[in-house]
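Numbering (my numbering), first residue to last: 29 to 425.
Here you go:
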């Protein structure tokens, strides 16, 4: 049975429109008790909106989404609507930032003096950020009603604004580990510029490879797949991207690659991309149109290969035209490995950039002709079987 996608799978990667749709779906059909004891794993993503599904006997991490009055009521009466408005605000905060409010302790440590983390304009439009802040108020009477949430959510869904950057900042005094709580947000670009200026010259020289936006996106998706919880989100990103195809023409290195008998983790890139390619025009050996790195309709191709520990695999690559950029990403960011490219037995790497994130970029020397063949070599020195994703940008000019 196919695994259901939940809010937990999407947290930190959603748009404000998606958060607005979640708020609208849950607030519009609210009744007392609907959101009591809810966690992100209970919020399912379905076509056209979000629904709640709580299995009997299921244990979920709900503490971060329980309002302060649950902990501090001392047996007094709790207003169901205002309590569940707080839970809805905590879910929205988690969806946007990928972080639990109040360091995952929910309302247990919240007091009337506790600053509520800010959801600034770089995260979402001001009206939505203010709504979330009000939902998380310590005093129940200061929180909006469900009908007010519906009104704002409808506005957000109808008139979304693009967010300006990836949502990773932790804002507010309760997030003491973050500099954002001390420095104004406007200072952060200046701080980043100063840090880059202070980096060693050698690092700056390595970063001279011009990586295209699409290549950056493909690498980012592969890195995200190091965590299984990101699979559903990454699959959707691949589904909506029409610029890539599978690099399915490479021959298997039976001496260096792992077999089904070898224990090895997986990005699941091949499985994700195979299913998408099959639905959208066929794949190699499946009776459909041939789609691979040789296909002139695509400038980007990728494939996952599992390399045995201590082994070096060699792939002969042909059918490319023009300037070539390659990226090789290891399943573990700390993996030890080397990547080289040769042509006619000679080094064919123009520039190489190997950072500390388990990714190597290589720009090849000069332009490649259609009949040329170059050899990509991956040496696995990590001490364990290791999957790698090979990504090729074939400029065709």
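The beta carbon of each residue, even a glycine, is placed where N, CA and C say it ideally should be.
Is the distance from the Cβ of residue i to the Cβ of residue j below 7 angstroms?
i	j	result
residue 162	residue 172	yes
residue 297	residue 332	yes
residue 60	residue 108	yes
residue 376	residue 392	yes
residue 419	residue 246	yes
residue 261	residue 41	yes
residue 138	residue 96	yes
residue 273	residue 329	yes
residue 281	residue 320	no
residue 243	residue 122	no
residue 290	residue 408	no
residue 364	residue 294	no
residue 286	residue 292	yes
residue 167	residue 157	no
Pull up the DSSP beta-bridge partners for residue i, would you.
i	result
residue 1	A question about residue 1 goes unanswered here, because the residues of the chain that appear run from 29 up to 425.
residue 354	390, 420
residue 283	DSSP, once it has assigned bridges, lists no residue as partnering residue 283.
residue 415	334
residue 272	328
residue 382	388
residue 42	Paired residue(s): none; residue 42 is not in a bridge.
Does DSSP put residue i in a helix, in a strand, or in coil?
i	result
residue 37	helix
residue 374	strand
residue 340	strand
residue 24	Here the chain has residues from 29 to 425 only, and residue 24 is not among them.
residue 126	coil
residue 56	helix
residue 243	helix
residue 407	strand
residue 346	strand
residue 295	coil
residue 51	helix
residue 209	With a pLDDT of 34 at residue 209, under the threshold of 50, the modelled position of that residue is not reliable, and the figure given next carries that caveat. The answer is helix: DSSP assigns residue 209 an H, G or I state.
residue 368	strand
residue 80	strand
residue 89	coil
residue 75	coil
residue 401	strand
residue 396	strand
residue 105	coil
residue 215	Note that residue 215 scores 45 on pLDDT, short of 50, meaning its location in the model is unreliable; the coordinates nonetheless yield the value given after this. It is helical.
residue 188	coil
residue 168	helix
residue 176	helix
Determine, using beta carbons only, whether residue i comes closer than 7 angstroms to chain D.
i	result
residue 250	This model lacks chain D altogether, as it is built from one protein chain only.
Output needed for residue i: all residues of its chain with C-beta closer than 7 angstroms, excluding positions within five of it in sequence on either side, in chain order.
i	result
residue 181	48, 51, 52, 55
residue 304	266, 267
residue 284	335, 336, 339, 340, 341
residue 32	72
Give me, in chain order, the residues of the same chain whose beta-carbon lies closer than 6 angstroms to that of residue i; leave out the 5 immediate sequence neighbours on both sides.
i	result
residue 229	Because the pLDDT of residue 229 is 40, which lies under 50, any placement of that residue in the model is unreliable, and the number read from its coordinates should be weighed accordingly. Cβ within range, chain order: n/a, list empty.
residue 396	348, 352
residue 370	376, 403
residue 344	401, 403
residue 82	70
Could you name the residues of the same chain whose beta carbon sits closer than 8 angstroms to that of residue i, not counting the 5 residues immediately before and after it, in chain order?
i	result
residue 115	63, 64, 66, 93, 94, 95
residue 44	124, 151, 152, 153, 156, 184, 188, 189, 191
residue 251	357, 361, 385, 386, 387
task = Give a yes or no on contact between the segment 174–181 and the segment 123–141, applying the rule of three or more CB pairs nearer than 8 angstroms.
result = The answer is no - the segment 123–141 does not touch the segment 174–181, with fewer than three Cβ pairs under 8 angstroms.
message = I'd like to know if the segment 359–366 and the segment 342–351 are in contact, where contact means that at least 3 CB-CB pairs between them fall below 8 angstroms.
response = Verdict: no, contact absent.
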